[in-house]
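Each residue of the sequence shown is one higher than the one before, starting from 9 at the first, in this note's numbering.
All C-beta atoms in this analysis are idealised placements derived from N, C-alpha and C, irrespective of residue type, glycine included.
The structure appears right after this line, and notes come after that.
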Amino acid sequence: MLIYNMTDSILHLDTARLVVLSLLILSVIALTVLLLWLRRQLRERTEQLLRSEQAFFGMVHDLKTPLAAAYADLRHLSEQESDPNKAIALEDSAERINLISDKVKRLLSLPKLLQESHASKPVKISLMGLLLPVESELEVSYPTRQITFEHLFDIEQNLTTPAGEMEALLRILLENAVKYAGTEPHITISMHDPGGQSTLIIQDNGPGLGIRPNNRLVELHLESLPTKAAGNGIGLLYAIRLCREMGAKLLCRSTESGTTMAIVLHPGKESLKSAVRHLQKRREV
């Protein structure tokens, strides 16, 4: 009966109103189809990223056993070697293998950090205490590069932030900076507003990330990353996700002569404005 009444009402409409009604119905149908298509595309993209992530961590996990075996063999050979120079070389190689094993363990811990319902509790930690182990490992990992780490902050500078997430974030950003900056990476770490909102700034002299618009400060999101530029792999993807879990913001300004990354730990409206003003003035990158 209801359908009959609606049909009867429509038939009694004049031509103009009937045209308008038809257009509205077609618009609703088109919008519904578009939303369904977007939902399907999003689901396919999510599934693709999930498969890539699972494949990546599967390959990383498969490295654990051969690395452990190589470390044990090198340690055994160094203990049996009578030539002191060869023994030292074997021991050094074993330590490098051990360093890679530690990196594998940290990589495998990243999904657990990101799967937690919220970031770990913020604690007061030394910035220098976080940086020095990471920098030392990078110097060992890239022995052929002349790496310079420049610290432009008080040696007693502390941060109040989730410790595990912050350490993982620094490892990703510093290794990217070293890896893609050529044979003489120069990495500058500084603080803005250390007594207030704590914005940690990492600058390098690499080729840039290919982010547009060039030389302007932008907040990094997953969809803002170009796929073909060096340094835009799974590491930076995880850096963005870590910042999100920590309640922080990751800002970037990238040019062909270097990249600036800014971690705004407490991104209130005023702190973001302050960080943007501060970084826009720094044109030496």
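Spatial neighbours of residue i in its chain, beta-carbon cut-off 8 Å, leaving aside the 5 residues before and after
i, result
"GLN165", "SER134, LEU135, MET136, MET199, PRO202"
"LEU42", "none"
Secondary structure of residue i, DSSP reduced to three states
i, result
"ILE133", "strand"
"LEU228", "coil"
"GLY172", "helix"
"ILE163", "coil"
"HIS194", "strand"
"GLY266", "strand"
"HIS274", "coil"
Cβ shell of residue i (< 7 Å), same chain only, five flanking positions each side left out
i, result
"ALA78", "ILE105"
"VAL148", "ARG104, LEU107"
"GLU89", "ALA95, LEU98"
"THR196", "GLU158, LEU160, GLN211"
Cβ-based burial, residue i [other Cβ within 10 Å; buried from 16]
i, result
"LYS129", "exposed"
"LEU139", "buried"
"PRO275", "buried"
"ALA247", "buried"
The beta strand (DSSP E) enclosing residue i, as first and last residue numbers
i, result
"ILE210", "207 to 211"
Spatially closest choice to residue i from the options, by CA coordinates
i, options, result
"PRO5", "ALA176, PRO170, GLY190, SER109", "Nothing in the structure corresponds to residue 5, since the chain is present only between 9 and 293."
"GLN154", "GLU192, ALA270, GLY66", "GLU192"
"ARG249", "GLU173, LEU167, LYS132, LEU32", "GLU173"
"GLU264", "TYR188, THR40, ARG179", "TYR188"
"THR267", "ASP110, LEU228, LEU167, LEU29", "LEU228"
"GLU183", "LEU167, ALA171, SER144", "SER144"
"VAL314", "ILE163, LEU167, ARG179, LYS132", "With the chain running from 9 to 293 in the structure shown, residue 314 is simply not present."
"ASP81", "GLU253, ALA63, ALA102", "ALA102"
Contact set for residue i: own chain, Cβ-Cβ below 6 Å, skip 5 residues either direction
i, result
"LEU273", "THR169, SER206, ALA256"
"ARG47", "none"
Residue i - containing alpha helix (DSSP H), residue span
i, result
"ALA189", "First-last for ALA189: undefined, no H or E at that position."
"ARG153", "Element bounds for ARG153: n/a, residue is neither H nor E."
"PRO215", "Segment: none, PRO215 is in no alpha helix (DSSP H) and carries neither H nor E."
"SER86", "72 to 88"
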